[in-house]
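Trainee: Take this structure first; my questions come after.
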Amino acid sequence: MPGFTLTPIGHLETPWPSPADCPRNGRLPDPRPLCRAVIAEPYREGLDQLDSFSHLILLYWMHLAGPAPLTISPRFAAGPRGVFATRAPVRPNPIALSVVRFEGFAEPGVLLIRNLDCVSGTPLLDIKPYLPTVDAEPEASMGWLTPRSPA
Numbered sequence: 261m262p263g264f265t266l267t268p269i270g271h272l273e274t275p276w277p278s279p280a281d282c283p284r285n286g287r288l289p290d291p292r293p294l295c296r297a298v299i300a301e302p303y304r305e306g307l308d309q310l311d312s313f314s315h316l317i318l319l320y321w322m323h324l325a326g327p328a329p330l331t332i333s334p335r336f337a338a339g340p341r342g343v344f345a346t347r348a349p350v351r352p353n354p355i356a357l358s359v360v361r362f363e364g365f366a367e368p369g370v371l372l373i374r375n376l377d378c379v380s381g382t383p384l385l386d387i388k389p390y391l392p393t394v395d396a397e398p399e400a401s402m403g404w405l406t407p408r409s410p411a
């Protein structure tokens, strides 16, 4: 398969200096800290009309993630699981996705966001508006995680 190159559009600023400090999920901290997505100058024109959305999807590169085994043992699972059946940050391509609350702009090219779970300095790959009519699947199954879902 041919290789390809990804070019970050900016970086993320969070309170967490290392992977060990990050929450397992960006919705766990209480209160959820205000984080920043800093967009590089060449990409700032692409932010036009972004402020009309309340939530965004961020794709980012977990640049400090460790080696990527194809099976892992989540701490709350009864045994090993295939990495693609988990949301673990260690993956063959450490791409992460978060739905974040967009709180507006701190200044041109600097987004204020909540619900992140990554190290400060994480490269940001893309931003997409979150659309509840397209992105939400209320009847989706949680697979092997069903016993952990809220009642």
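Taken in order, the sequence shown gives residues 261 to 411; the numbers are from my numbering. In this text, a Cβ means the ideal position worked out from N, Cα and C, and glycines have one as well.
Report all residues from its chain with a CB closer than 8 Å to the CB of Ala328; omit the five preceding and five following residues, and keep chain order.
Mentor: Excluding residues up to 5 positions away in sequence, Val343, Val350, Arg351, Pro352, Pro354 lie with their Cβ nearer than 8 Å to the Cβ of Ala328 in the same chain.
Trainee: Using DSSP with H/G/I as helix, E/B as strand and the rest coil, what is Ala345?
Mentor: helix
Trainee: Would a C-beta distance cut-off of 8 Å place Pro275 and Trp321 closer than the cut-off?
Mentor: no
Trainee: Identify every run of the beta strand (DSSP E) within the stretch 340 to 384, keeping only runs that are complete inside it and at least 3 residues long; order them along the chain.
Mentor: Those beta strand (DSSP E) runs which fall completely within the stretch 340 to 384 and span 3+ residues are 355 to 367, 370 to 374.
Trainee: Shortest alpha-carbon distance to Met402 belongs to which of Gly369, Asn375, Lys388, Arg347?
Mentor: Of Gly369, Asn375, Lys388, Arg347, the smallest CA-CA separation from Met402 is found for Arg347.
Trainee: If you draw a straight line from the alpha carbon of Glu316 to that of Leu310, how long is it in whole angstroms?
Mentor: It should be pointed out that residue 316 corresponds to Leu in this sequence rather than to Glu. Near 9 Å, if we compare the C-alpha coordinates of Leu310 and Leu316.
Trainee: Alpha carbon to alpha carbon, how far is Pro291 from Arg284? Give it in angstroms, no decimals.
Mentor: 15 Å
Trainee: From this set, Pro368, Ala356, Thr393, which residue's C-alpha is nearest Asn375's C-alpha?
Mentor: Ala356
Trainee: Check whether the Cβ atoms of Ile269 and Leu318 sit closer than 8 Å, and answer yes or no.
Mentor: no
Trainee: Can you tell me which of the three DSSP states Tyr303 falls into?
Mentor: helix
Trainee: Give the single residue among Phe362, Leu372, Ala300 whose Cα lies nearest to the Cα of Leu385.
Mentor: Ala300
Trainee: Nearest to Ser332 by alpha carbon, out of Pro340, Leu391, Ala325?
Mentor: The sequence given here places Ile at residue 332; Ser does not occur at that position. That would be Pro340, whose Cα lies nearest to the Cα of Ile332.
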